[in-house]
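Report on one structure; see the data block that follows.
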Amino acid sequence: MLSPRQLRSNLLVKLGEITGRTHVLPIVLFAPTARCNSRCVSCDWWRADGASDLTLDEIRRLASELPRFGTRLVVLTGGEPLFRADVIDVADAFLTQGLRLHLLTSGLALERFAGEIVGRFEEVTVSLDGHTPELYREIRGVSGLAAVEGGVRALRALAPSMLIRARSTIHRRNFRALPGIVAKAREMGFSQLSFLAADVTSDTFNRRSLPRSDSGPAGPSNLLLDADEVAELASVVETVIRLHARELADGVVLPGPDGLRRLVQYYRAHLGGGAFPEVDCNAPWASVVIEADGAVRPCFFHRPVGNLREQGLSGILSSAMPAFRRALDVATNEICQHCVCTLKIGFRSTLP
Numbered sequence: 044m045l046s047p048r049q050l051r052s053n054l055l056v057k058l059g060e061i062t063g064r065t066h067v068l069p070i071v072l073f074a075p076t077a078r079c080n081s082r083c084v085s086c087d088w089w090r091a092d093g094a095s096d097l098t099l100d101e102i103r104r105l106a107s108e109l110p111r112f113g114t115r116l117v118v119l120t121g122g123e124p125l126f127r128a129d130v131i132d133v134a135d136a137f138l139t140q141g142l143r144l145h146l147l148t149s150g151l152a153l154e155r156f157a158g159e160i161v162g163r164f165e166e167v168t169v170s171l172d173g174h175t176p177e178l179y180r181e182i183r184g185v186s187g188l189a190a191v192e193g194g195v196r197a198l199r200a201l202a203p204s205m206l207i208r209a210r211s212t213i214h215r216r217n218f219r220a221l222p223g224i225v226a227k228a229r230e231m232g233f234s235q236l237s238f239l240a241a242d243v244t245s246d247t248f249n250r251r252s253l254p255r256s257d258s259g260p261a262g263p264s265n266l267l268l269d270a271d272e273v274a275e276l277a278s279v280v281e282t283v284i285r286l287h288a289r290e291l292a293d294g295v296v297l298p299g300p301d302g303l304r305r306l307v308q309y310y311r312a313h314l315g316g317g318a319f320p321e322v323d324c325n326a327p328w329a330s331v332v333i334e335a336d337g338a339v340r341p342c343f344f345h346r347p348v349g350n351l352r353e354q355g356l357s358g359i360l361s362s363a364m365p366a367f368r369r370a371l372d373v374a375t376n377e378i379c380q381h382c383v384c385t386l387k388i389g390f391r392s393t394l395p
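Be aware that the sequence shown starts at 44, since it is given in my numbering, and climbs by one per residue.
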């Protein structure tokens, strides 16, 4: 059952969808650094040097602003958050303001930071894009599977009941391994495993620093499946649905049978074989993504609408963000229709 505070927050999100204003901002996703210790085929953060990362003092100023917007949850994302030397001080800056913390991480440094993570972060989500050392290296550019396994073990030893999720991006390089990734996640003791498709069209994940063409930003289009591979993915998905019916029903494997079939629909749509999966999302009204250099995005995939160093979060939320929202029609916007990771806060939603 929702608390009165949660219900009020959800109602204010819905009001914001009508007015375009920020009546509440329950979720903030923040990248402490643009640097990363992986070299993933679907991302270009590894090219960043971190020179423009916000300073700790700038982050503390940001953290002090959030309570006035009713923020309850801050998700540290990246780059790789644990690649920043003072990341625990960054976490404490938000905790001091009474905010909850989740961590999105490659998992390569989990074992080193396990003691500091426990007690600060309520949930940890780890990228798991391959179930063997060889496939992991092919996808993520480093030989890191053993380090991830060690990190998960360390967290489990310190906090047996902690919610530790695995997240896997499925694309041309690893779609055949989908059943193996499920088995590996279960073997490693993850609380939950979720799958999503690879974003191949937006300028997020540091791709805006790459050359652009007349057709749009440079992106990992080589991750798209051809027609034969889409048909093979459809078969693989049905195998997973059959073999892991209980885990899907219990929410241990997400996004459920229909959601897994949406992966097939997404890649088929890129070939012109039908519509993209329908999107129901209000992320730009319920959250913001703040990149390491202070750029503020309405979500991961839309371009920045401002920068903290130029205007401050309050100014962005009162001017640029309402203008963006008023012009956005999720049902017809091309970026929204190609989205691979949505957020929906409804009247009865609880925070993820």
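C-beta atoms are modelled at their ideal positions from N, C-alpha and C, and glycine is treated no differently.
C-alpha gap between residue i and residue j, whole angstroms
{"i": "residue 248", "j": "residue 97", "result": "17 Å"}
{"i": "residue 351", "j": "residue 120", "result": "17 Å"}
{"i": "residue 380", "j": "residue 302", "result": "15 Å"}
{"i": "residue 287", "j": "residue 366", "result": "45 Å"}
{"i": "residue 72", "j": "residue 109", "result": "12 Å"}
{"i": "residue 133", "j": "residue 102", "result": "7 Å"}
{"i": "residue 224", "j": "residue 171", "result": "8 Å"}
{"i": "residue 88", "j": "residue 212", "result": "16 Å"}
{"i": "residue 384", "j": "residue 199", "result": "27 Å"}
{"i": "residue 84", "j": "residue 47", "result": "44 Å"}
{"i": "residue 335", "j": "residue 353", "result": "14 Å"}
{"i": "residue 128", "j": "residue 59", "result": "37 Å"}
{"i": "residue 68", "j": "residue 269", "result": "40 Å"}
{"i": "residue 175", "j": "residue 388", "result": "36 Å"}
{"i": "residue 235", "j": "residue 309", "result": "23 Å"}
{"i": "residue 112", "j": "residue 278", "result": "46 Å"}
{"i": "residue 190", "j": "residue 206", "result": "19 Å"}
{"i": "residue 399", "j": "residue 393", "result": "Outside the modelled stretch of the chain, which goes from 44 to 395, sits residue 399, for which no answer is possible."}
{"i": "residue 253", "j": "residue 217", "result": "Confidence in residue 253 is poor, its pLDDT being 42 and thus under 50, which makes the residue's placement unreliable; the coordinate value appears in the next sentence. Each residue's alpha carbon lies about 25 Å from the other."}
{"i": "residue 314", "j": "residue 240", "result": "15 Å"}
{"i": "residue 57", "j": "residue 386", "result": "13 Å"}
{"i": "residue 259", "j": "residue 362", "result": "Bear in mind that a pLDDT of 39 at residue 259, under 50, signals an unreliable position, so the number given afterwards is only what the model happens to contain. Going from the Cα of residue 259 to the Cα of residue 362 covers about 27 Å."}
{"i": "residue 183", "j": "residue 86", "result": "9 Å"}
{"i": "residue 51", "j": "residue 44", "result": "13 Å"}
{"i": "residue 93", "j": "residue 226", "result": "36 Å"}
Beta-carbon spacing of residue i, residue j below 8 Å
{"i": "residue 222", "j": "residue 283", "result": "yes"}
{"i": "residue 78", "j": "residue 122", "result": "yes"}
{"i": "residue 220", "j": "residue 178", "result": "yes"}
{"i": "residue 148", "j": "residue 125", "result": "yes"}
{"i": "residue 231", "j": "residue 181", "result": "no"}
{"i": "residue 116", "j": "residue 142", "result": "yes"}
{"i": "residue 243", "j": "residue 322", "result": "no"}
{"i": "residue 145", "j": "residue 159", "result": "no"}
{"i": "residue 360", "j": "residue 114", "result": "no"}
{"i": "residue 106", "j": "residue 137", "result": "yes"}
{"i": "residue 215", "j": "residue 266", "result": "yes"}
{"i": "residue 443", "j": "residue 185", "result": "Nothing can be reported for residue 443: it is not among the residues displayed for the chain, which extend from 44 to 395."}
Identity of the residue in the options nearest residue i by Cα
{"i": "residue 55", "options": "330, 344 and 385", "result": "330"}
{"i": "residue 318", "options": "107, 306, 182 and 328", "result": "306"}
{"i": "residue 333", "options": "322, 347 and 325", "result": "347"}
{"i": "residue 150", "options": "137, 169 and 142", "result": "169"}
{"i": "residue 281", "options": "245, 299, 265 and 69", "result": "299"}
{"i": "residue 208", "options": "237, 265 and 386", "result": "237"}
{"i": "residue 196", "options": "357, 215 and 161", "result": "161"}
{"i": "residue 202", "options": "184, 167 and 82", "result": "167"}
{"i": "residue 62", "options": "339, 337 and 327", "result": "327"}
{"i": "residue 369", "options": "341, 74, 304 and 99", "result": "341"}
{"i": "residue 118", "options": "52, 70 and 188", "result": "70"}
{"i": "residue 294", "options": "95, 349, 233 and 135", "result": "233"}
{"i": "residue 272", "options": "311, 99 and 290", "result": "311"}
{"i": "residue 344", "options": "245, 274 and 362", "result": "245"}
Status (buried if at least 16 other CB within 10 Å, exposed otherwise) for residue i
{"i": "residue 204", "result": "exposed"}
{"i": "residue 377", "result": "exposed"}
{"i": "residue 276", "result": "buried"}
{"i": "residue 390", "result": "exposed"}
{"i": "residue 364", "result": "buried"}
{"i": "residue 358", "result": "exposed"}
{"i": "residue 325", "result": "buried"}
{"i": "residue 76", "result": "buried"}
{"i": "residue 210", "result": "buried"}
{"i": "residue 316", "result": "exposed"}
{"i": "residue 338", "result": "buried"}
Paired residues, beta bridge with residue i - DSSP
{"i": "residue 330", "result": "70"}
{"i": "residue 361", "result": "Paired residues: none, contrary to the question."}
{"i": "residue 212", "result": "239"}
{"i": "residue 385", "result": "DSSP lists no partner for residue 385."}
{"i": "residue 349", "result": "339"}
{"i": "residue 207", "result": "167"}
{"i": "residue 145", "result": "118 and 166"}
{"i": "residue 296", "result": "236"}
Short CB-CB distance (under 8 Å) between residue i and chain C
{"i": "residue 100", "result": "No chain C appears in the structure shown, which is made up of a single protein chain."}
Residue i CB to nearest heavy atom of the ligand FMN below 7 Å
{"i": "residue 237", "result": "The ligand FMN is not among the ligands present in this structure, which contains no ligands whatsoever."}
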